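Residue numbers (our numbering): 434 to 880.
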């Protein structure tokens, strides 16, 4: 039995005498909630596009618990910077933010807190915050401390620094807003040497999409790069803080173009991982550089311009997600996850979409498997439609309900809220897609 399995077994025994865990542990929900919170929308009035971007590094006080692999893994140094990278978009009175963070994930309550902190400079319902899912960053979820599930890995000084840096990056990006234009391009990653799917080799998204934001004089402001792959190339024996392969991507794109490079992950679940020759820093970084080369080449040869004054719209579907995984209820009962809201066997989360003209960023609250990711993207009208993993939350693996019993997904089931989550995602994405399909009004719920 692994250390993690043993620890969860101990907690399961303790749960029998814990009143707040007992009910949900014995009888997790077996149906979707009859009602969900209302859809929230924000849309811009007429006006030119303005864009700003900024990066703020995380600076942690000494060693931290490393997230993503086994517990009790203290950091022993830093290989490359971890940062919050923000792109601000403004049209009329609506100010949106796209923020990518070199973190394993964030809880929805942390995301909601940041939206409130930024409400004086941005439209709260138009803030997309996503984690890259690096497995060499600090524990921001609580699952990888000294002895989970008995001790949370959440440390106040680490969480405070994460929130500080994200807020600072967002505010700096808004401060740098200027008239801008945008263009995008796609490339196909090679079948070998970048990513692979350990479970289903034929189901993998090899598309890389790059979006260039430039001032009207052509000066680069930001480059958004979207690709699906677990940043876990350095392996479980690594003890250095690192962004993993995105470090090479940032270095290559920013070194060539300037501006700020923001990485957003895609449908990385089940198990889309790096295809590198070994776990060395050089090998992992080389994959990121290769992705950077693909992005730069695509933008140089085949980019397509977005409209000069593109419609800017945000749609958010708040959710109460049924949690059928007993381990999640135990973690909640023992405060491993911090003050994460649970109610009637469900936890709070969301699906979010930000549309800039025909381009749609569709964020889901966890690690969607590729087959589910393809399906959800197809439900939304746009070009391109980019499914953003770990957007607004990290619930774990997100599977199609019909794939739930497949033996090859034994591990994914153990770190997933359950099959009802996949069913609810389908409903939520359909609701978001319907709202996006409505003709945009020249009004806003902006700040």
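Don't be surprised by glycine CBs; every beta carbon is placed ideally from N, CA and C.
If you're wondering where the values come from, they're calculated on a predicted model, not measured in any experiment.
| Item | Value |
| --- | --- |
| Integer Cβ distance of residue 730 from residue 565, believed to fall under 8 Å | Not really, about 22 Å apart at Cβ, beyond 8 Å. |
| Same chain only: Cβ atoms within 8 Å of residue 596, ignoring 5 sequence neighbours per side | 543, 546, 547 and 550 |
| Cβ-based neighbour list, residue 555, same chain, cut-off 6 Å, excluding 5 preceding and 5 following | 528 and 530 |
| Residue environment, residue 622, which counts as buried when at least 16 other CB atoms sit within 10 Å | buried |
| Inter-residue CB distance, residue 743 and residue 789 (contact presumed, cutoff 8 Å) | 5 Å |
| Separation of residue 523 from residue 768, as counted between CA atoms | 39 Å |
| Assigned exposure category for residue 849 - 16 Cβ within 10 Å defines buried | buried |
| Any C-beta of chain C under 9 Å from that of residue 752 | Here there is only one protein chain, and chain C is not present. |
| Distance between beta carbons of residue 827 and residue 798, contact taken as under 8 Å | 7 Å |
| Proximity test, residue 805 beta-carbon vs the ligand MN heavy atom, cut-off 8 Å | For the ligand MN, the structure offers nothing, since it holds no ligand at all. |
| Distance between residue 715 and residue 836 (C-alpha atoms, nearest Å) | 36 Å |
| 9 Å Cβ cutoff met for residue 855 and residue 833 | yes |
| Burial state of residue 508, where buried means 16 or more other Cβ atoms lie within 10 Å | buried |
| Per-residue DSSP class, three states only, for residue 439 | Legend: pLDDT at residue 439 = 43, less than 50; position of this residue unreliable, value from coordinates given subsequently. Reduced to three states, the DSSP call for residue 439 is helix. |
| Span of the beta strand (DSSP E) around residue 646 | 640-648 |
| Inter-residue spacing [alpha-carbon to alpha-carbon] between residue 539 and residue 501 | 13 Å |
| Residue 667 beta carbon less than 9 Å from that of residue 569 | yes |
| Within 9 Å, strictly: CB atoms of residue 486 and residue 616 | no |
| Spatial neighbours of residue 610 in its chain, beta-carbon cut-off 6 Å, leaving aside the 5 residues before and after | 483, 485, 521 and 523 |
| Under 9 Å between C-beta atoms of residue 532 and residue 599 | yes |
| Contact under 9 Å by Cβ, residue 680 with residue 602 | no |
| Three-pair Cβ contact test at 8 Å for the stretch 488-498 versus the stretch 619-637 | no |
| Exposure label - residue 867; buried when at least 16 CB within 10 Å | exposed |
| Limits of the beta strand (DSSP E) - the one that residue 750 falls within | 745-755 |
| DSSP state of residue 461 mapped onto helix, strand, coil | coil |
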